[in-house]
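Q: Residue numbers (my numbering): 102 to 460. Sharing a structure with you now.
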């Protein structure tokens, strides 16, 4: 046992590079994992996808965002980040509409509350169905994946590199097993992190409007992994489902509220978990020594979709010397320039950012 622990410590200290992997990595390997491909494949058989898009467009019909949604979706330029933004925007519109009606008609607050809950439950339910369909689509897409390596990427992902994978797929395992699936994995019974970015905020958030906030979902993913991996609770059991429901609807909203802390705890497993994690939302434990990391490479990540998480990662890297962005043939110069700009905003304006290409 002691020998294993020593090996893990040595391995952790050996990492000198972080690789941030996003959807562009899968696309570069020939997988059809963008939003347009998913819609083209599923729109004829997934009733909930069509209903979801209609619900979104109806909700946003008086908003400028609705025009962008319809235009880009029709032009094959609508990306997953745009889709996530639409989720946040739709949720925000419903919530703000509810607040306005409530303030204008306080005597009718119970009826307004019912209408609000009905609308929010509908959009949340439809989106959960779309998420399930997306997971099924990905499983089908990767089932026929033929492992192939891109030479310069193989050289980058050596034994001294640790990967933070924002994808749900395991394409990167073709190169290395040193990986953290920060948004969940298709093959580990993980709860997927799929929703609007942390930057979308509401003045008075409630559980329904924050169901698909990525920060909430990362907390739930962390907890679900804890009770499955450390407590041996089967993900199909009623106990697992009850624990997830209590954490999702009682404690995570409380942790993210102005009040902070856990709500009224009903289960011993959550009591124990709160004692370990304290009254804070989770922070993933690093598998690497932050002080030893001198280089970060981005492999197909859009940057803008996860700026807060990336900020937390970079904040700990005190000896960073170089940042590399891998681009693909056809990516516009404006998009690339914007990525460099965002990275400098996250990592520091004096950061040295180099651009390379998948080859």
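C-beta atoms are modelled at their ideal positions from N, C-alpha and C, and glycine is treated no differently.
#1: Going by DSSP, name the residue or residues bridged to residue 120.
#2: Return the Cβ separation of residue 428 and residue 458 in integer angstroms, given the expectation that the two are a contact with Cβ distance under 8 Å.
#3: Taking just the CA atoms, how far does residue 285 sit from residue 268?
#4: To the nearest angstrom, report how far apart residue 340 and residue 243 are at their CA atoms.
#5: For residue 185, count neighbouring C-beta atoms within 10 Å of its own C-beta (all shown protein chains included) and say buried if the count is 16 or more, exposed if not.
#6: Should residue 259 be listed as close to the ligand PLP, given that the test is whether its C-beta is under 6 Å from any heavy atom?
#7: Please classify residue 296: is it buried, with 16 or more other beta-carbons within 10 angstroms of its beta-carbon, or exposed?
#8: According to DSSP, is residue 294 part of a helix, a strand, or is it coil?
#9: Rounding to the nearest angstrom, what Cα-Cα distance links residue 396 and residue 142 in this structure?
#10: Starting from residue 424, trace the beta strand (DSSP E) in both directions and tell me its first and last residue.
#11: Go ahead and label residue 273 buried or exposed: buried means 16 or more other beta carbons lie within 10 angstroms of its beta carbon, across all protein chains shown.
#12: Please list, in chain order, all residues of the same chain as residue 127 whose beta carbon is under 8 Å from its beta carbon, the five residues on each side excluded.
#13: Just grab the DSSP bridge partners of residue 281 for me.
#14: DSSP three-state call for residue 184: helix, strand or coil?
#15: Need the endpoints of the alpha helix (DSSP H) that residue 241 sits in, please.
#16: Could you give the distance in angstroms between the alpha-carbon of residue 121 and the alpha-carbon of residue 206?
A: The structure says:
#1: 264 and 398
#2: 6 Å
#3: 8 Å
#4: 31 Å
#5: buried
#6: Questions concerning the ligand PLP fall outside what the structure shown contains, since it holds no ligand whatsoever.
#7: buried
#8: coil
#9: 38 Å
#10: 423-428
#11: So residue 273 counts as buried.
#12: 134, 268, 270, 272 and 401
#13: 265
#14: helix
#15: 210-244
#16: C-alpha separation (whole angstroms): 49 Å.
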